[in-house]
Amino acid sequence: MQMRNWLVSTVLGIGLVGGAGCGPLEDGQTPGVPTEPTQPEPSREEVGGSVSAMAATGISWADFSATQVKYVFSCATSVYAHSCAFCATDGLYAAEYTTSGCTSPGDITHTCFTCDKALFPMTERVELPDGDLIDVTIDHGVAASNVVEFRLQSASNISRWKQVTLLSSSQPWKVWNESGNSWCNWPSTSTANCDTNSEWSSIVLDPSTRFLFSKSKGLFGTHTDVYELSNLSAQLTGGDRVTFRWVKD
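Numbering (our numbering), first residue to last: -13 to 235.
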């Protein structure tokens, strides 16, 4: 986990939060005294590219795990041989007929191997409004009791840019990834392979704080805000680490 350092502003004359790391101070660190050379905050273009101004869709914690029952035709018997005419005239067996050795519906030399089918219920996950599936895991008591960590991962089949931003009254903290690489807030060598960020629990649990989910969309890969998650205190508390894993986009 990358942790946030404290910088001293030479322009405004007041202490600002920022640095090559992300999140609250390490134990024993003195506010206002930087532990590493200061650097300017990156522009949006540096943090993976500009993000479209399109409004994100509000979602809830329950939306990540929502399911629905879908009925599908499946085998109710073991596979056996049907006539070519049977498979050719019943739409349920169109695929079996296509892959069989039957040359025509009237072919009596060959057979079509299939089974008797019936409707069976199948539980499947409900996609988020833009067609995504994101797994959520919350580990309790793995971080300091006064912070909350958040992590972003993508499945091996997901290569396009993804980002999660913690939006609050203080500076927003981000984690993003693309093509198997990940970063935390500062696009530099020091944050390469960083997939976890943090913030004080008092800030995370404030009613105004929310997570913003963004992704690359369309032919030109436009970085677009797609979902906004509020009411973080309904699931999170100090010491938690919440992992968002993008498994379908």
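By construction, the Cβ of each residue, glycine as well, lies at the ideal position given by its N, Cα and C atoms. All of these numbers come straight from a predicted model, not from anything done at the bench.
Since Y213 sits in a beta bridge, which residues does DSSP pair it with? T43, F199
Hey, out of A42, L138, A129, E82, whose CA is closest to D121's CA? L138
Beta-bridge pairing of S300 - partner residues as DSSP gives them: The structure shown does not extend to residue 300, since the chain is modelled only from -13 through 235, so no value can be given for it.
For S64, which residues in the same chain have their Cβ closer than 8 angstroms to its Cβ, ignoring the five residues on either side in sequence? Closer than 8 angstroms at Cβ, skipping near neighbours: C101.
What is the DSSP secondary structure of L205, reduced to helix, strand or coil? coil
With three or more beta-carbon pairs closer than 8 angstroms as the criterion, would you say the stretch 183 to 197 touches the stretch 125 to 135? Because the criterion of three Cβ pairs below 8 angstroms is met, the stretch 183 to 197 and the stretch 125 to 135 touch.
Helix or strand or just coil, what does DSSP make of C98? strand
Per DSSP, which one or two residues make a beta bridge with Q139? Q139 is bridged to R231.
Should the stretch 204 to 221 be regarded as contacting the stretch 103 to 110, the criterion being three or more beta carbon pairs within less than 8 angstroms? Touching, no.
CA nearest to the CA of A41, picked from L198, V228, A220: L198
Can you tell me where the beta strand (DSSP E) with E164 in it begins and where it stops? 159 to 164
If you compare alpha carbons, which of Y66, S168, T223 is closest to D125? T223
According to DSSP, simplified to helix, strand and coil, what is L152? strand
Beta bridge counterpart(s) of R111 as assigned by DSSP: In DSSP, R111 forms a bridge with T53.
What's the C-alpha gap between A80 and Y66? 16 angstroms
Secondary structure at Y66, three-state DSSP: helix, strand or coil? strand
Alpha carbon to alpha carbon, how far is S131 from G77? 60 angstroms
Closest by C-alpha distance to S145, when choosing among S46, W232, T53: W232
If the criterion is Cβ atoms closer than 9 angstroms, does the pair T43 and V228 meet it? no
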